[in-house]
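Peer 1: In this note's numbering, the protein residues as written are -1 to 89.
Think of the CB as a built atom: it goes at the ideal place given N, C-alpha and C, for glycine as much as any other residue.
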Amino acid sequence: RDELLQYCDRVACAVGRLSCRIFGLGAEIGDRLAAALGLALQLTNILRDLDEDAARDRLYLPDDLLADHGVAARDPQGVLADANLTAAVAE
-1 RDELLQYCDR VACAVGRLSC RIFGLGAEIG DRLAAALGLA LQLTNILRDL
49 DEDAARDRLY LPDDLLADHG VAARDPQGVL ADANLTAAVA E
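Shown next, in the form of structure tokens:
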């Protein structure tokens, strides 16, 4: 899960932090806002694209998250077909 959070930080939160500086927000509040918004947007993007990414044999959900919710498959199509996926992505 830490790798997922790090990925989100690097692809979305970093852009938000830069934008906050450009818009004149101070680092203290700007960084918190950028982190929250960037994380929410990137996680939404990952969930929105589950089908499309699986068709390309990609999956951006952590193995430990899937395992914690009883998702046995690790191949993207198998993960999408697993009934336990709903509980995993709800977390």
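Could you give the residue range of the alpha helix (DSSP H) that holds residue 83?
Peer 2: Residue 83 -> alpha helix (DSSP H) spans 83 to 88.
Peer 1: Can you list the alpha helix (DSSP H) stretches of 4 or more residues lying completely in the region 48 to 80, in chain order?
Peer 2: Whole alpha helix (DSSP H) segments, 4+ residues: 48 to 53, 61 to 66 and 74 to 79.
Peer 1: By alpha-carbon positions, which one of 35, 81 and 45 ends up nearest to residue 17?
Peer 2: Measuring from the Cα of residue 17, the nearest candidate turns out to be 35.
Peer 1: What whole-angstrom Cβ distance do residue 67 and residue 81 have, given they're in contact under 8 Å?
Peer 2: The pair is not a contact, with the Cβ atoms about 10 Å apart (cut-off 8 Å).
Peer 1: Can you say whether residue 70 is buried or exposed, counting buried as having 16 or more other CB atoms within 10 angstroms of its CB?
Peer 2: By the neighbour-count rule (16 or more Cβ atoms within 10 Å), residue 70 is not buried but exposed.
Peer 1: From residue 1 to residue 63, what distance separates their C-alpha atoms?
Peer 2: Cα to Cα, the separation comes out at about 12 Å.
Peer 1: Once DSSP output is grouped into helix, strand and coil, what is the label at residue 23?
Peer 2: In this structure, residue 23 counts as coil in the three-state DSSP scheme.
Peer 1: What span of residues does the alpha helix (DSSP H) with residue 11 cover, start to end?
Peer 2: Segment: none, residue 11 is in no alpha helix (DSSP H) and carries neither H nor E.
Peer 1: Would the region 50 to 64 and the region 13 to 28 be scored as touching if the rule is three or more Cβ pairs under 8 Å?
Peer 2: Contact between the region 50 to 64 and the region 13 to 28 is absent, because fewer than three Cβ pairs lie under 8 Å.
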